[in-house]
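S.K.:
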Amino acid sequence: MQMLSGNMMRMLMAGAAVTMVTAMAPQAFAASPADTLVEGFAIDDIISVDPAEAFELSTAEVTANAYSLLVRLDPAKTSEVQPELAESWTVSDDKLTYTFKLKPGVKFASGNPLTAADVAYSFERAVKLDKSPAFLLTQFGLTGDNVAEKAKATDDLTFTLTVDKPYAPSFVLNVLTSTVASVVDKKLVMEKAKPVTPTAEYKYDTDFGNEFLKTGYAGSGAYKVLAWKANEAVIMEANPNYFGEKPKLKRVIYRHMKESAGQRLALEAGDIDVARNLEPGDLDAIAKKDGLATVSAPKGTVYYISLNQKNANLAKPEVREALKYLVDYDAIGATLIKGIGEIHQTFLPKGQLGAIDDKPYKLDVAKAKELLEKAGLKDGLTVTFDVRNTQPVTGIAESFQQTAAQAGVKVEIIPGDGKQTLTKYRARQHDLYIGQWGSDYFDPNSNAETFSANPNNADDGKVKTLAWRNAWDVPELSKETADALLETDAAKRAKIYEDIQRKVLAEGPFIIIFQQVEVAGYSKKLKDYKLGPSFDTNFVAPVSKD
Amino acid sequence: MSDTTHNQETLRQWLLSDRPASRRQARLGRAYIIWQRFSDNKLALLGLMIILGLIFVAIFADQLAPHNPVQGDLRNARLLPPGTAGYLLGTDDQGRDILSRLIHGSRLTLMVIGLVAVIAAPIGLIVGTVAGYAGGYVDAILMRITDIFLAFPKLVLALALVAALGPGIENAILAIAVTSWPPYARIARAETMTFRNSDFIHAVKLMGASPFRIVLVHVMPLCTSSLIVRVTLDMAGIILTAAGLGFLGLGAQPPLPEWGAMIASGRRFILDQWWVAGMPGFAILIVSLGFNLLGDGLRDALDPKEAGQ
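Keeping their order, the protein sequence lines are chains V and S.
Whatever position you read off the first sequence (first residue = 1), add 42 for the working numbering.
Whatever position you read off the second sequence (first residue = 1), add 41 for the working numbering.
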């Protein structure tokens with residue numbers, strides 16, 4: 043009997059462990075100080091806070107609050123830009139030269155004056171370092187060899203940028219609102235720069251202060267970055283030399299917290315002021331709680347299921363259309379993505395130039411069956427579905443699996459981590475794939491280029507857009523997308539994008555389901571806490587606290 | 042009436058006879074004694090009831106389940122609490138009835154433990170008895186292989202195997218089987234060592250039996266009882282390992298209602314909708330408890346050391 047009780051103990055404990063495996067203990071922090079904003083935020087994606095290197099969502103928020111740009115996206119009217127460091131700008135008649143006049147008297151946090159030479163240096167280092175976001179600038183024809191000539195300071199307060207083609211000015215200016223165009227303190231960065239031995243890939247003898255800026259700071263934004271500790275926190279402090287309206291709070295701390303439930307508990311306990319990664323259930327609970335409130339803003343990310351055109355069945359237009367009728371958009375919108383997404387079926391997120399909000403598809407099993415029969419697949423078909431094992435995509439995939447089964451489409455879900463599924467997707471080896479696409483910069487070209495352009499459909503094609511990944515060979519649409527870039531009249535340009543969206547909506551191998559809405563739960567002690575239309579417009583400077 | 046009582050009395054005497062007249066009588070008598078000892082233990086009977094219940098539910102899952110386990114009503118029946126009309130144990134995040142999923146999930150659970158037992162126990166038995174009887178180099182080699190398997194924590198090795206083979210319930214079963222035979226081999230070897238020099242083995246050998254025949258016919262049957270106990274006691278561990286793999290997304294794949302995977306998908310709702318993860322957790326708890334009680338009872342009943350007391 044002694045052995046029996048021993049066994050029982052072991053097994054009871056094991057059973058309990060399985061039931062409670064994720065119950066997390068609330069961490070005990072002190073209540074957040076009155077002059078500090080503490081945000082719970084999953085910041086594990088940060089690899090560097092150097093604006094020339096960072097291209098991650100949470101870093102975008104940090105650099106946007108810490109660095110200044112020539113022009114900034116207008117949060118109130120996102121199809122236009124507003125001046126920041128630049129007082130005014132002109133575009134030459136041939137649409138190749140942009141001349142920016144800087145505001146006088148602006149200083150960096152270090153006290154050094156901000157001049158056109160700093161702007162030119164920031165462009166030069168971003169292009170020469172050639173990290174992930176560098177393509178935003180190099181797409182204008184800037185290279186390590188010509189950047190000094192094409193992006194230069196003509197006097198202390200005049201900066202000129204020369205591009206290689208007569209692009210639409212709205213496109214160029216929209217791209218310049220990206221954080222990669224942040225202006226860094228040339229003097230400070232040059233002091234901190236480390237010499238390196240040039241190699242075949244990297245032919246410069248300096249690291250342009252990249253090592254210093256990975257965790258350091260040399261900007262002129264509302265807040266200074268005091269420290270970034272990987273998977274722990276980002277700490278920012280008000281910049282006394284800031285040229286704009288002074289930030290209200292002395293300090294801003296982003297605490298790394300991965301799980302929604304953990305953030306919710308910490309917010310309820312007052313340990314953090316804002317919870318940034320809430321799932322629908324936790325969001326609901328916070329909205330109902332006294333003293334807490336929620337805020338949301340649509341972001342430039344769309345979630346879609348894509349159909350590989352290498353699969354003979356999926357390549358049939360009727361099958362593509364049928365599958366679009368097999369997603370229960372309404373139910374998904376009302377449950378799985380409630381509060382974190384809005385049903386959206388076109389590839390341009392709301393807020394971007396030319397975005398339309400057509401929603402022709404809804405769950406219609408009878409219609410889907412009819413279309414499948416027309417395609418000669420009366421008995422249905424079997425396809426595999428690569429799904430990353432995170433929410434909300436897993437939930438949506440399971441819902442699609444159920445609704446598709448009603449029309450005889452057997453969907454076999456193959457779950458994997460992000461890297462596995464993405465590797466397979468990039469190699470064009472999937473049948474169905476569910477993913478998200480976030481605009482790289484706030485311009486319609488970012489999404490149009492990937493959803494509707496496929497210059498070379500060969501397996502060794504160099505331009506690996508989403509259309510290429512799904513082997514969707516559309517030479518005419520690719521040309522239309524490329525031409526839209528050179529349309530200088532913003533209204534006409536918008537019309538072209540509307541047309542492209544309608545074509546992709548009707549024929550494309552993409553079932554676009556929803557546009558992401560970023561949500562946050564916050565304590566009502568905060569005043570003026572807002573989320574912007576993009577990840578680099580979540581400004582914390584106007585936030586104050588009772 | 043009195044006739045039946047009389048018959049029962051004689052049957053009992055016949056079974057408990059000190060001098061069985063036939064091999065069959067001796068075997069039945071032994072089984073009767075074991076059953077008596079087993080049924081004296083109320084907890085063991087409870088375990089047996091749980092396991093029989095599990096088997097019953099698995100066989101009649103189609104008749105018992107009130108709803109389709111894989112087709113939910115996302116729009117109208119999502120995350121309903123237990124006790125809602127029509128959904129005794131509530132619904133999950135896809136609007137599926139949890140009770141129906143648990144009922145159908147019992148098939149998967151039973152399949153996992155059944156197949157693991159069928160694969161792992163014979164492998165362990167063969168390796169152990171061969172090593173124990175042969176001795177020498179054969180023993181050393183087989184046991185070192187066993188040691189290698191024993192050197193890794195079970196779940197870690199299973200994880201590595203499933204990661205290599207690809208996720209799925211079949212691969213999970215294979216991985217668990219591959220990781221669970223070494224203890225059986227150890228037990229079988231230890232038992233075999235105690236018999237290999239006994240008189241009856243020498244006698245069979247003198248009669249010209251081949252080593253193959255000796256191991257198969259005379260050694261293995263003697264090892265089975267301790268093996269059965271061990272396998273039954275391990276069943277709970279197997280269920281937990283399978284649930285663990287399912288929880289990590291490496292076992293059964295959606296929409297299969299595997300209990301571990303159900304806990305994993307319910308984990309997100311643990312603060313507000315405890316039943317989504319809680320119900321499959323209870324199911325695992327009860328079935329593991331059942332197997333452990335049964336195993337304990339069997340060990341007490343089959344232990345030859347207690348046979349004379």
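All residues carry an ideal CB built from backbone N, CA and C; glycine is no exception.
(1) When you compare each of Leu183/S, Ala172/S, Arg65/S, Pro224/S to Lys195/S by their alpha carbons, which one comes out closest?
(2) Find the residues of chain S that neighbour Ala308/V, judging by a C-beta separation of less than 9 Å, and give them in chain order.
(3) Just the chain V side, please: which residues come within less than 7 Å of Gln77/S by C-beta, in chain order?
(4) In whole angstroms, give me the CA-to-CA distance for Pro211/V and Trp131/V.
(5) Going by alpha carbons, who is nearest to Pro107/S out of Gly336/S, Ser141/S, Leu52/S?
(6) Name the residue from Thr257/V, Asp249/V, Asp428/V whose alpha carbon lies nearest to the alpha carbon of Ile88/V.
(7) On a CA-only basis, which of Ser174/V, Ala364/V, Leu390/V is nearest Asp541/V? Give me that one, please.
(8) Using a Cβ-Cβ cutoff of 8 Å, what residues of the stretch 476-504 of chain V are near chain S? List them in chain order.
(9) Evaluate the contact criterion for the stretch 337-347 of chain V versus the stretch 557-564 of chain V: three or more CB pairs, one atom per stretch, below 8 Å.
(10) What separation, rounded to the nearest whole angstrom, lies between the Cα atoms of Leu69/S and Leu56/S?
(11) Taking only three categories from DSSP, how would you classify Gln443/V?
(12) Any idea if Tyr209/V is buried or exposed, counting beta-carbon neighbours within 10 angstroms, 16 or more meaning buried?
(13) Do you know offhand how far Glu253/V's Cα is from Leu230/V's?
(14) May I ask which residues mark the beginning and end of the beta strand (DSSP E) holding Gly82/V?
(15) Per DSSP, Phe552/V forms a beta bridge with which residues?
(16) Comparing alpha-carbon positions, which option in Arg544/V, Lys192/V, Gly82/V lies nearest Ile277/V?
(17) Helix, strand or coil for Asn580/V per DSSP?
(18) Taking the DSSP output, what are the residues bridged to His243/S?
(19) Who are the neighbours of Arg271/S on chain V, taking C-beta pairs under 8 Å?
(20) Kindly list, in the order they appear in chain V, the residues whose Cβ is closer than 7 Å to that of Val203/S.
(21) In its own chain, which residues sit with a C-beta less than 7 Å from the C-beta of Gly574/V, not counting the 5 before and 5 after it?
(22) Three-state secondary structure (DSSP) at Gly112/S?
(23) For the stretch 105-157 of chain V, which segments carrying the beta strand (DSSP E) assignment without a break, of at least 3 residues, lie completely within its bounds, in sequence order?
(24) Take Asp136/V and list the residues in its own chain whose beta-carbon comes closer than 8 Å to its own, dropping the five residues that flank it on each side.
(25) When the Cα atoms are used, what is the spatial distance from Phe97/S to Leu130/S?
(26) The beta strand (DSSP E) spanning Arg430/V covers which residue range?
(27) At which residues does the beta strand (DSSP E) containing Ala280/V begin and terminate?
(28) Hey, does Gly304/V have any beta-carbon neighbour from chain S nearer than 8 Å?
(29) Would you decide whether Arg60/S is buried or exposed? Buried here means 16 or more other CB atoms lie within 10 Å of its CB.
(30) Can you name, in chain order, every residue of its own chain whose Cβ lies under 6 Å from the Cβ of Thr196/V, other than the five neighbours on each side?
(31) In chain V, what lies closer than 7 Å to Pro252/S by C-beta?
(32) Below 8 Å, can you find three or more Cβ-Cβ pairs linking the stretch 225-242 of chain V to the stretch 153-173 of chain V?
(33) Out of Thr120/V, Ile347/V, Val267/V, Pro486/V, point me to the one whose CA is closest to Asp370/V's CA.
(34) In whole angstroms, what separates the C-alpha of Ser504/V from that of Phe165/V?
(35) Can you tell me where the alpha helix (DSSP H) with Tyr174/S in it begins and where it stops?
(36) Take the Cβ of Ser306/S as the centre, count every other Cβ of all protein chains shown within 10 Å, and call the residue buried at 16 or more, exposed below.
M.R.: With the structure as the only source:
(1) The sequence position of residue 195/S within the second sequence is 154, counting from 1. Residue Pro224/S is the option with its Cα nearest to Lys195/S.
(2) As a first step, residue 308/V must be located in the first sequence, where it is residue number 266. The premise fails here: Ala308/V is roughly 13 Å from chain S at the closest Cβ pair, so nothing lies under 9 Å.
(3) For the purposes of this step, residue 77/S is identified with residue 36 of the second sequence, where counting begins at 1. Result: empty, since nearest Cβ-Cβ is about 18 Å, beyond 7 Å.
(4) Taking the first sequence and counting its residues from 1, one reaches residue 211/V at position 169. Taking the first sequence and counting its residues from 1, one reaches residue 131/V at position 89. C-alpha separation (whole angstroms): 11 Å.
(5) As a working note, residue 107/S is residue 66 in the second sequence. Of Gly336/S, Ser141/S, Leu52/S, the residue nearest in Cα terms is Ser141/S.
(6) Along the first sequence, read from residue 1 onward, the residue named residue 88/V stands at position 46. If we check each option's Cα against that of Ile88/V, Thr257/V comes out closest.
(7) Residue numbering aside, residue 541/V sits at position 499 when the first sequence is read from its first letter. Comparing Cα positions, the closest option is Leu390/V.
(8) none
(9) yes
(10) In the second sequence, the residue the question calls residue 69/S occupies position 28. In the second sequence, the residue the question calls residue 56/S occupies position 15. Their backbone Cα atoms lie some 7 Å apart in a straight line.
(11) The sequence position of residue 443/V within the first sequence is 401, counting from 1. In the structure shown, Gln443/V sits in a helix (DSSP, three-state: H, G or I).
(12) As a position in the first sequence, residue 209/V is number 167, starting the count at 1. Result: buried.
(13) The residue labelled residue 253/V in the question sits at position 211 within the first sequence. The residue labelled residue 230/V in the question sits at position 188 within the first sequence. In a straight line, the C-alpha of Glu253/V is about 13 Å away from that of Leu230/V.
(14) Your numbering for residue 82/V matches position 40 in the first sequence. Where Gly82/V is concerned, the enclosing beta strand (DSSP E) stretches over 78-83.
(15) Translated into the one-based positions of the first sequence, residue 552/V becomes position 510. Per DSSP, Ser348/V.
(16) If you number the first sequence from 1, residue 277/V lands on position 235. Taking only the C-alpha atoms, the option nearest Ile277/V is Gly82/V.
(17) Within the first sequence, residue 580/V is the residue found at index 538, counting from 1. Looking at Asn580/V - three-state DSSP - the assignment turns out to be coil, as it is neither helix nor strand.
(18) Position 202 of the second sequence holds residue 243/S. Looking at the DSSP assignment, His243/S forms no beta bridge with any residue, so it has no partner.
(19) As a position in the second sequence, residue 271/S is number 230, starting the count at 1. Ordered by position in chain V, no residue passes the 8 Å Cβ test against Arg271/S, which lies about 12 Å from the chain.
(20) Position 162 of the second sequence, counting from 1, holds the residue named residue 203/S. By Cβ distance, chain V contributes nothing, its closest Cβ being about 12 Å from Val203/S, past 7 Å.
(21) Translated into the one-based positions of the first sequence, residue 574/V becomes position 532. Counting only Cβ-Cβ distances below 7 Å, and skipping sequence neighbours, we find Pro117, Ala339, Asn580, Phe581.
(22) Position 71 of the second sequence, counted from the first residue, corresponds to residue 112/S. The sequence shown places Gln at residue 112/S, rather than the Gly named in the question. It is coil, neither helix nor strand.
(23) 113-115, 123-125, 128-133, 139-144
(24) Working through the first sequence from its first residue, we reach residue 136/V at position 94. Counting only Cβ-Cβ distances below 8 Å, and skipping sequence neighbours, we find Pro208.
(25) On the second sequence, residue 97/S is found 56 positions in, with the first residue counted as 1. On the second sequence, residue 130/S is found 89 positions in, with the first residue counted as 1. Computed Cα separation, rounded: 19 Å.
(26) The sequence position of residue 430/V within the first sequence is 388, counting from 1. It spans 423-430 - the beta strand (DSSP E) in which Arg430/V sits, taken as one unbroken run.
(27) Here residue 280/V refers to the residue found at position 238 of the first sequence. Here the beta strand (DSSP E) through Ala280/V covers 275-280.
(28) For the purposes of this step, residue 304/V is taken as the residue at position 262 of the first sequence. Not closer than 8 Å to any Cβ of chain S, the Cβ of Gly304/V fails to qualify, so no.
(29) Locating residue 60/S in the second sequence gives position 19, where the first residue counts as 1. So Arg60/S counts as exposed.
(30) Here residue 196/V is taken as the residue at index 154 of the first sequence, counted from 1. So the list reads Thr202, once near-sequence residues are dropped.
(31) Counted from its first residue, the second sequence places residue 252/S at position 211. Chain V residues near Pro252/S: none, gap ~35 Å exceeds 7 Å.
(32) yes
(33) Indexing the first sequence from 1 puts residue 370/V at position 328. With distances taken between Cα atoms, Asp370/V lies closest to Ile347/V.
(34) On the first sequence, residue 504/V is found 462 positions in, with the first residue counted as 1. On the first sequence, residue 165/V is found 123 positions in, with the first residue counted as 1. Here residue 504/V turns out to be Lys, not Ser, going by the sequence shown. The alpha-carbon atoms of Lys504/V and Phe165/V are separated by roughly 26 Å.
(35) Stepping through the second sequence from its first residue, residue 174/S is reached at position 133. Counting along the chain, the alpha helix (DSSP H) containing Tyr174/S begins and ends at 139-175.
(36) In the second sequence, the residue the question calls residue 306/S occupies position 265. So Ser306/S counts as buried.
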